[in-house]
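Undergrad: Here the working numbering is used: the first residue of the sequence shown is 106, the next is one more, and so on. Quick reminder that beta carbons are idealized off the backbone N, C-alpha and C, glycines included. Handing you a structure now.
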Amino acid sequence: MEKYYEYRHTVGFEETNMVGNVYYVNYLRWQGRCREMFLKDRAPAVLEDLQQDLKLFTLKVDCEFFAELTAFDELFIRMRLTELAQTQVQFGFDYVRLDEGGETLVARGNQRVACMRGPNTRTTPARVPEALAKALQPYT
């Protein structure tokens, strides 16, 4: 059974800084992209719910860096569930560079998300949708 959802990415020039390594904010963008692709691939009902009144608010993100990435590096962003509460979900992310000799863990991050419902001026916490909780079960 899979322990993580995996999103593959190739680093582009636009994601690097003047020194040539990946600018830190891109790691956070990749967390969001991985989460979005998970919803598309594993929980499309949640995407439909987002078109109604469900909102996913990112409460906290972090990333710890172990090695640098540069343009055209191939990597996997691996997302796993670290906590499932009534109204919030926490994900863990591993950033793994593909090397000739195997894989190298280059960074590790976390993201906490709250489920909310209602109009923008009266949004309140809501239970994690059943479709999302079910889709996350294999990734604990």
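(1) In the DSSP assignment, find the unbroken beta strand (DSSP E) run with ARG217 in it and report its ends.
(2) In the DSSP assignment, find the beta strand (DSSP E) that holds GLY137 and state where it starts and stops.
(3) Is ASN131 buried or exposed, if buried means 16 or more other CB atoms sit within 10 Å of its CB?
(4) Mapping the DSSP letters down to three states, classify ARG227 as helix, strand or coil.
(5) Quick one, which of LEU174, VAL211 and PHE143 has its alpha-carbon nearest PRO243's?
(6) So, does the stretch 158-165 touch the stretch 202-219, judging by three or more C-beta pairs under 8 Å?
(7) Give the DSSP bridge partners of THR175, in chain order.
(8) Under the three-state reduction of DSSP, which class applies to VAL194: helix, strand or coil?
(9) Taking the continuous alpha helix (DSSP H) assigned at LYS239, which residues delimit it?
(10) Quick one: what's got a C-beta closer than 6 Å to ARG183's C-beta in the same chain, skipping five residues either side?
(11) Output the distance between the C-alpha atoms of GLY206 and LEU174, rounded to the nearest integer angstrom.
(12) Are ARG232 and GLN195 closer than 8 Å when you measure CB to CB?
(13) Could you tell me whether the Cβ atoms of ARG213 and ASP178 are closer together than 8 Å?
TA: Quick look at the numbers:
(1) 207-222
(2) Here GLY137 belongs to no beta strand (DSSP E); instead the alpha helix (DSSP H) covers 130-147.
(3) buried
(4) helix
(5) PHE143
(6) yes
(7) ASN126
(8) strand
(9) 235-241
(10) TYR109, GLU111 and ASP199
(11) 16 Å
(12) no
(13) no
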